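**Q**
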Amino acid sequence: MQRLLFLIFLAQLLVSCATRTPGTDKLVDSPVDIPAKAHILDVPFNAQEENHCGPSTLWMALKYKDKSIDLGELTKQTYTKDLEGTLKSDMLGAARRQVMLTIPVKDMEAMLREVSDQNPVMVFQNLGLEEMPKWHFSLLHGYDLGGPDVILHSGKTKDEKMDMRLFERSWILGDKWAYILLNPGEISKTASEKDHLEAAAALENLHYMSADYVSYEAILERWPKSLGAMIGLGNIYYANKNLKKSESMLEKATELHPSSPLAWHNRAIVEKDLKQSAEAKASAKKAMEFADPVLKQKFEESLSGILR
Amino acid sequence: MKIFVRLMLCFMISTTMVELPVMQAHAGMISTTEALHEMNRAQGEADIQEFLKRDDVQKQLMKVGLSQEEAQKRVASLSDAEVKKLSTDIQKATAGGDIGGILVTVLLVVLIIYLIKRI
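Going down the list, the protein sequences come from chains A and B. Quick note: the first sequence uses our numbering, first residue 433, plus one each step. Quick note: the second sequence uses our numbering, first residue 53, plus one each step.
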């Protein structure tokens with residue numbers, strides 16, 4: 433057993449020491465179908481104050497999407513004085529407060545693809561050493577595979593050119609944090625159905641009704657069988673007290689995903705509220721049939737009035 | 053040696069911990085956030101179960117004296133964070149198609165399933 437542990441430990445170390453810039457290497461060695469270079473020229477620039485890279489980066493990204501917010505107000509929402517900086521989660525939270533979808537960008541290729549698609553990418557870098565980090569937010573909005581370089585609005589420098597490998601290393605050391613901001617209804621070409629759903633659901637939690645409606649509709653148009661989008665729309669209609677529409681959306685969900693306990697569950701609740709007790713009971717039974725033990729326990733409570 | 057093993061365990065466990073989403077529900081309906089969370093877990097579990105059916109993984113499991121049935125039961129009792137971490141690891145290893153990576157993951161799967169109840 434101890435030998436097994438030791439082997440795994442060694443293997444983990446080896447993996448973490450492997451090639452340092454896999455994304456750039458791959459892009460340079462085997463070109464993909466993106467333009468050789470791109471630069472989004474109309475990205476607003478703000479020269480940051482000391483330690484204020486977070487609010488400054490977010491301000492530029494928002495301004496590019498026509499969201500004008502006072503930098504002082506944005507600083508209040510993102511900057512934490514005692515930390516002398518900005519938490520990653522606060523960057524996303526503040527963007528949502530401006531009714532924007534926060535979509536993660538997973539690797540170098542996806543980042544360049546987003547830039548060539550006119551979406552600047554907020555990135556988090558470690559400009560120091562692994563052991564002595566110097567954290568930094570900046571806005572990636574251009575690249576040239578010929579260099580290869582990237583172009584950033586960073587700190588006090590507009591359109592800063594940075595070696596792509598150097599950038600990738602700093603980004604990996606910053607734990608690969610990269611996001612674009614989209615308006616509800618917009619779809620990223622690089623992100624998955626799940627990424628879009630998570631972003632839309634995070635907005636839904638803040639109760640921007642009409643924005644969520646548009647987000648889920650767009651997801652459903654791009655991924656017509658999206659169970660998450662149908663459940664989301666069912667919830668929005670329900671919260672809006674439009675029970676009929678909620679029901680028909682969940683009916684569609686159960687038709688396309690007949691073994692989804694979640695869709696059946698919510699359909700049962702809506703049918704109960706519509707006083708269709710026979711239908712509600714049938715749906716609740718279906719929900720129980722497909723639920724795993726954990727869900728079953730939860731459902732026993734929420735569906736008890738219907739099943740009885 | 054014992055301390056060394058413990059240290060290694062801590063190191064590996066700390067790399068498997070991830071955050072849990074906040075649940076929110078209105079009036080009996082399963083909220084979208086909660087639904088997505090459930091769907092992710094179901095998908096993650098399905099991916100791991102699929103992986104456990106591989107020949108090389110089965111051999112590893114047999115080597116440490118774990119039946120497939122018991123392994124599956126242990127997967128079912130993993131926490132959400134563990135399911136997420138494990139399925140992500142498997143996805144990465146199998147997508148890259150690199151043998152070393154798969155081996156590491158196989159060992160990790162075995163280790164986590166094997167030790168989960170003793171930590």
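Glycine included, C-beta positions come from ideal geometry on N, C-alpha and C. Predicted model, so just to flag it, every value in this text is computed and none were measured.
Out of A:592, A:605 and A:483, point me to the one whose CA is closest to residue 453 of chain A's CA.
**A** Comparing Cα positions, the closest option is A:605.
**Q** At a Cβ cut of 7 angstroms, what residues of the region 79–104 of chain B count as close to chain A, listed as they run along the chain?
**A** Of all residues in the region 79–104 of chain B, 80, 81, 82, 83, 84, 85, 87, 88, 90 and 91 have a Cβ within less than 7 angstroms of some Cβ in chain A.
**Q** Cβ closer than 9 angstroms: which chain B residues qualify as neighbours of residue 660 of chain A?
**A** The contacting residues are 84, 87, 88 and 91.
**Q** Using the beta-carbon of each residue, which ones in chain B are nearer than 7 angstroms to residue 697 of chain A?
**A** Simply 82.
**Q** Cα separation between residue 467 of chain A and residue 579 of chain A?
**A** Cα-Cα distance, rounded: 14 angstroms.
**Q** Measuring CA to CA, which of A:652, A:715, A:549 and A:533 is closest to residue 611 of chain A?
**A** The residue with the shortest Cα to Cα distance from residue 611 of chain A is A:533.
**Q** Among the candidates A:657, A:559, A:551 and A:528, whose CA atom is the shortest distance from the CA of residue 684 of chain A?
**A** Of the candidates A:657, A:559, A:551 and A:528, the one whose C-alpha sits nearest the C-alpha of residue 684 of chain A is A:657.
**Q** Give me, in chain order, the residues of the same chain whose beta-carbon lies closer than 7 angstroms to that of residue 110 of chain B; leave out the 5 immediate sequence neighbours on both sides.
**A** Result list for residue 110 of chain B: 120, in chain order.
**Q** Whose Cβ in chain B lies nearer than 8 angstroms to the Cβ of residue 694 of chain A?
**A** Residues of chain B passing the Cβ test: 82, 87, 90 and 91.
**Q** Do residue 584 of chain A and residue 571 of chain A come within 8 angstroms of each other at the CB atom, strictly closer than that value?
**A** Cβ atoms of residue 571 of chain A and residue 584 of chain A: closer than 8 angstroms.
**Q** Whole-angstrom Cβ separation of residue 774 of chain A and residue 652 of chain A, contact assumed at under 8 angstroms?
**A** Summary: the structure shown does not reach residue 774 of chain A, with chain A confined to residues 433 through 740, and so no result is reported for it.
**Q** Okay, do the region 593–601 of chain A and the region 488–498 of chain A touch, 3+ Cβ pairs below 8 angstroms being the bar?
**A** Flag = no, the region 593–601 of chain A and the region 488–498 of chain A do not touch.
**Q** Taking contact to mean 3 or more Cβ pairs, one atom from each stretch, closer than 8 angstroms, check whether the region 506–518 of chain A and the region 532–552 of chain A are in contact.
**A** Segments in contact, no.
**Q** Hey, could you find the ends of the alpha helix (DSSP H) residue 101 of chain B is sitting in?
**A** Taken as a continuous stretch (DSSP letters only), the alpha helix (DSSP H) holding residue 101 of chain B covers 84–104.
**Q** Can you tell me where the beta strand (DSSP E) with residue 537 of chain A in it begins and where it stops?
**A** Segment: none, residue 537 of chain A is in no beta strand (DSSP E) and carries neither H nor E.
**Q** Does residue 548 of chain A have its Cβ less than 8 angstroms from a Cβ in chain B?
**A** No, residue 548 of chain A lies away from the interface with chain B (no Cβ there is under 8 angstroms from its Cβ).
**Q** On a Cα-Cα basis, can you pick out the residue from A:497, A:485 and A:720 that is closest to residue 760 of chain A?
**A** Because chain A spans 433 through 740 in this model, residue 760 of chain A falls outside it and cannot be assessed.
**Q** Where do the ends of the beta strand (DSSP E) carrying residue 568 of chain A lie?
**A** It spans 567–576 - the beta strand (DSSP E) in which residue 568 of chain A sits, taken as one unbroken run.
**Q** Starting from residue 405 of chain A and walking both ways along the beta strand (DSSP E), at which residues does that stretch end?
**A** Nothing about residue 405 of chain A can be reported from this structure: the residues present for chain A run from 433 to 740 only.
**Q** Can you grab the Cα-Cα spacing for the pair residue 669 of chain A / residue 678 of chain A, in whole Å?
**A** So the alpha carbons of these two residues sit roughly 5 angstroms apart.
**Q** On a CA-only basis, which of A:645, A:674, A:615 and A:555 is nearest residue 660 of chain A? Give me that one, please.
**A** When only C-alpha atoms are compared, the closest one is A:645.
**Q** How would you label residue 638 of chain A, buried or exposed, when you count the other beta carbons within 10 angstroms and need 16 or more for buried?
**A** By the neighbour-count rule (16 or more Cβ atoms within 10 Å), residue 638 of chain A is not buried but exposed.
**Q** Helix, strand or coil: how does DSSP classify residue 471 of chain A here?
**A** Residue 471 of chain A: strand per DSSP, three-state reduction.
**Q** Please classify residue 97 of chain B as buried or exposed, where buried requires at least 16 neighbouring CB atoms within 10 angstroms.
**A** Burial call: buried.
**Q** Is there a Cβ from chain B that is less than 8 angstroms from the Cβ of residue 638 of chain A?
**A** For residue 638 of chain A, the answer is no, since every Cβ of chain B falls outside 8 angstroms of its Cβ.
**Q** Under the rule that 16 or more other beta-carbon atoms within 10 Å means buried, what is residue 729 of chain A, buried or exposed?
**A** Its Cβ having fewer than 16 others within 10 Å, residue 729 of chain A is exposed.
**Q** Given a limit of 9 angstroms on CB to CB distance, which residues of the region 622–635 of chain A reach chain B?
**A** Cβ contacts with chain B: 626, 629, 630, 632, 633 and 634.
**Q** I'd like to check one pair, residue 705 of chain A with residue 675 of chain A: are the Cβ atoms closer than 8 angstroms?
**A** Yes; because the gap between Cβ atoms is below 8 angstroms, this pair is in contact.
**Q** What is the DSSP secondary structure of residue 171 of chain B, reduced to helix, strand or coil?
**A** Residue confidence for residue 171 of chain B is low, a pLDDT of 41 falling below 50, so the modelled location carries little weight; the figure read from the coordinates is stated next. Of the three classes helix, strand and coil, the one that applies to residue 171 of chain B here is coil, per DSSP.
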